[in-house]
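Residue numbers (our numbering): 28 to 878.
Backbone N, C-alpha and C fix where the C-beta goes; we use that ideal spot for every residue, glycine too.
A short worksheet on the structure shown next.
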């Protein structure tokens with residue numbers, strides 16, 4: 028049943044009393060101090076939902092003078108000891124650990140620090156301190172506050188977690204032999220990658236590979252598993268779609284066909300610059316992989332002085348550019364797997380090879396997480412530098428696909444089209460237009476965040492190959508100039524643009540950088556480079572110099588593509604269910620509900636007339652079924668019906684726990700035109716695979732899923748994964764599943780169904796709550812409470828009417844009480860102290876009940 032209203036009022040009072048104006052004032056004072064130190068030129072940015080903060084000055088003024096003799100880490104720590112509270116850092120030596128130090132061509136040093144809590148890494152949280160010889164120039168990054176209350180003792184063992192990780196891997200990679208590459212405890216901030224508020228969870232970060240290393244189905248899974256519940260919080264597929272080259276076929280496990288400097292190695296052609304090239308002489312695929320890997324190496328070395336993707340951190344003899352020419356059943360495809368780039372036949376085009384190698388450069392610099400906007404930026408950076416190599420290498424056409432020559436197309440090639448030299452089959456999967464991202468139907472990336480093609484779903488890592496069109500478009504327009512979306516973007520040319528993007532990549536961006544932070548990083552990088560010497564694609568000093576006007580062009584490009592638009596405004600990231608407080612009244616003015624049937628489970632057992640059934644389809648179905656549970660999530664108390672989403676199973680033969688189980692209500696007779704069903708429920712399941720839905724049967728006919736048009740509030744959310752990838756017997760059906768955005772948990776909501784959309788007066792209807800799961804890995808499950816059918820009667824007071832001062836009354840209750848506090852507003856006389864005392868009692872009582 029619902030918890031009494033007093034609990035809600037006490038909670039509100041506690042929240043009001045728990046404000047911390049002192050902490051906010053401390054940050055304000057520190058900002059004021061820095062602003063005074065920089066003569067009023069300080070610029071600070073704070074985005075709480077993203078846990079992001081940045082502070083600097085446009086002209087790189089020193090924020091704090093530091094000991095010039097100290098190491099970069101010591102100097103960064105000295106600054107954070109004074110100003111770390113700006114982002115929540117209290118003890119830098121305990122809360123931050125050195126990740127890397129990067130010194131740019133101007134001699135400035137950038138210290139990248141990863142957050143720790145009680146020695147445990149905090150996923151995605153990185154702070155960067157920027158230093159000159161004199162002192163600190165700025166600070167930016169992500170820091171997660173409020174971790175002191177987080178329990179840091181795992182309830183799940185590493186053995187249990189390993190079994191879950193392997194089962195999850197088999198689910199997505201049937202036939203794999205999963206091997207745990209690494210496993211560690213981390214603090215996982217829910218919602219961080221989506222840019223929505225969320226709770227922090229202690230979790231295991233488990234990286235899984237396949238012992239078979241099958242090219243047909245490469246495995247590089249990064250899983251986050253709740254250390255308390257064992258639920259999978261997130262899954263990231265890290266297969267991303269100095270010069271020492273090694274070319275293999277058909278797998279990396281066979282001896283190399285071509286190696287660096289060998290007799291079979293082809294000559295490396297010279298760069299031509301950003302000009303129209305001539306027709307290239309056709310080459311073998313293996314030679315193409317060799318040449319284009321070397322060309323990508325030269326591009327980064329000549330422009331930015333970078334020695335390979337790891338910048339010389341590996342001994343020269345060990346830093347090998349492995350390329351694999353694949354021949355298998357999973358073609359066509361191309362990807363980077365953390366060790367090698369891999370290409371199917373027909374994918375040996377220059378921009379594609381350079382695209383895949385650029386994923387390696389990303390992994391060793393800003394390390395963008397391959398999901399949602401950070402993943403889209405990961406893809407965009409590979410598109411940008413892959414296409415840049417295509418435009419400067421002088422190796423042209425002929426086109427492998429049919430394209431209409433336009434004003435921005437080069438002779439026999441397409442400027443800003445990625446993959447134009449591919450075959451028709453390969454291009455259908457990969458072709459992308461950076462100049463006009465909405466121009467191709469597949470994958471239809473969006474030119475702006477508000478584009479109808481901007482992807483808000485969870486597939487493809489949250490749209491990494493689709494939403495990359497936004498930053499792709501910005502770069503192309505910045506290089507060539509364009510008027511778009513009501514904004515004029517002047518051309519600044521490729522050399523300037525490349526240096527600005529590379530500086531953002533190596534200096535300011537962190538693993539969780541999103542589009543808005545990317546815009547900040549580009550604009551700050553441009554300001555840093557004003558007047559600085561640049562080199563061109565040949566490695567020679569360039570006559571181009573970045574000026575303030577170029578930075579205005581960068582800002583214009585960011586504005587044109589809406590880079591700082593909040594994606595949550597478009598995508599509407601919401602709870603699984605609209606909260607109970609938003610439940611509408613369905614009765615017209617002057618009428619109210621009269622209950623015909625209700626069940627609140629307070630007897631603690633399955634009531635008479637209700638029935639349950641269990642149906643296993645896997646070979647290890649444990650017979651799971653509905654039960655009446657006293658362990659009810661907060662906001663409700665007492666008892667509720669509960670469907671467990673089991674964490675067990677292996678998703679392999681001998682461990683498949685696929686099945687479904689049902690809860691049937693007694694038949695109700697529809698005797699009113701305005702009759703309704705309502706029930707409260709709480710959803711927290713494995714997203715996409717496990718979930719439940721409401722079904723109905725009229726006059727003994729077969730059960731069917733209640734259609735969307737019958738719901739007046741909180742309908743089924745979406746369809747479960749199809750049977751091709753989901754062994755749940757309810758695969759493909761509309762259902763409720765997952766957890767609330769930014770949380771590992773769910774919340775209560777009320778669904779309302781119009782019975783007239785399902786049956787006619789006099790019909791007998793049976794409602795069924797049907798829950799199904801696949802062969803392994805679950806979460807918590809599905810709770811159902813406060814089931815009732817009712818009709819609207821004139822003259823009855825509507826208990827959901829906020830203008831009515833009385834408590835809700837069930838007209839069928841002879842006592843006229845709904846079980847809450849009666850007396851029409853007697854709580855209003857309670858003062859804050861009384862509420863806080865009651866809160867303490869409630870908390871102690873709850874702890875006692877659970878202890």
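query, result
"Quick one: residues in its chain with C-beta nearer than 6 angstroms to the C-beta of residue 29, no 5 flanking neighbours on either side, listed in chain order?", "663"
"Determine the direct distance from the alpha carbon of residue 574 to that of residue 558, and round the result to whole angstroms.", "6 angstroms"
"Going by DSSP in three states, residue 522 sits in which element: helix, strand or coil?", "helix"
"In this structure, does DSSP put residue 392 in helix, strand or coil?", "coil"
"Given a threshold of 16 other Cβ atoms within 10 Å of its Cβ, counted over all protein chains shown, does residue 250 qualify as buried or as exposed?", "buried"
"With residue 328 as the anchor, note down where its alpha helix (DSSP H) starts and where it stops.", "312-331"
"Looking only at its own chain, which residues have a Cβ that is under 8 angstroms from the Cβ of residue 686, when we skip the five neighbours before and after it?", "641, 642, 643, 644, 645, 648, 651, 756, 799, 800"
"Report back the beta-carbon spacing between residue 762 and residue 785 to the nearest angstrom; my notes put them in contact at under 8 angstroms.", "Not really, about 18 angstroms apart at Cβ, beyond 8 angstroms."
"The beta strand (DSSP E) with residue 722 in it runs from where to where?", "718-725"
"Please determine, among 246, 720, 261, the residue with the shortest C-alpha to C-alpha distance to residue 253.", "261"
"Check whether the Cβ atoms of residue 720 and residue 710 sit closer than 7 angstroms, and answer yes or no.", "no"
"What does a CB cutoff of less than 6 angstroms around residue 215 pick up in its chain, not counting 5 residues either side in sequence?", "150, 228, 230, 251, 260"
"Counting Cβ pairs closer than 8 angstroms, one from the segment 665-675 and one from the segment 606-622, do we hit at least three?", "no"
"Let me check one thing: in DSSP terms, what residues is residue 55 bridge-paired to?", "In the DSSP output, where bridge partners are listed per residue, residue 55 has none listed."
"Cutting at 8 angstroms between CB atoms, please list the residues of its own chain near residue 516, excluding the five before and the five after it.", "504, 505, 508, 509, 510, 580, 583, 584, 587"
"Taking all protein chains shown into account, decide if residue 117 is buried (16 or more other Cβ within 10 angstroms of its Cβ) or exposed.", "exposed"
"Among 157, 202, 153, 90, which has the Cα closest to the Cα of residue 677?", "202"
"Straight-line CA distance for residue 772 to residue 790?", "38 angstroms"
"For residue 383, count neighbouring C-beta atoms within 10 Å of its own C-beta (all shown protein chains included) and say buried if the count is 16 or more, exposed if not.", "buried"
"State the DSSP-derived secondary structure class of residue 215, mapped to helix, strand or coil.", "strand"
"Over what stretch of residues does the alpha helix (DSSP H) that includes residue 408 continue unbroken?", "399-419"
"Identify, in the order they occur along the chain, each residue of the same chain with its Cβ nearer than 7 angstroms to the Cβ of residue 92, setting aside the five sequence neighbours on each side.", "161, 162"
"Touch check for the segment 93-102 and the segment 62-76: three-plus C-beta pairs under 8 angstroms?", "no"
"CB residue 674 to CB residue 655, shorter than 7 angstroms?", "no"
"Can you give me the start and stop residues for the beta strand (DSSP E) that residue 227 sits inside?", "227-237"
"On the premise that residue 53 lies in contact with residue 112, defined as a C-beta separation below 8 angstroms, what is that separation, rounded to the nearest angstrom?", "6 angstroms"
"At what residues does the alpha helix (DSSP H) containing residue 105 begin and finish?", "99-110"
"Terminal residues of the continuous alpha helix (DSSP H) containing residue 642?", "Premise fails: residue 642 lies in the beta strand (DSSP E), 638-643, not in any alpha helix (DSSP H)."
"Rounding to the nearest angstrom, what Cα-Cα distance links residue 531 and residue 152 in this structure?", "17 angstroms"
"Assuming the contact rule is C-beta atoms closer than 8 angstroms, residue 782 and residue 792 should be a hit. Round their C-beta distance to whole Å, please.", "7 angstroms"
"If you compare alpha carbons, which of 199, 233, 157, 169 is closest to residue 188?", "233"
"With 16 as the cutoff for other CB atoms within 10 Å, does residue 736 come out buried or exposed?", "exposed"
"Distance check for residue 446 and residue 311, CA to CA, integer angstroms please.", "17 angstroms"
"Please identify the residue among 399, 630, 193 whose C-alpha is closest to the C-alpha of residue 204.", "193"
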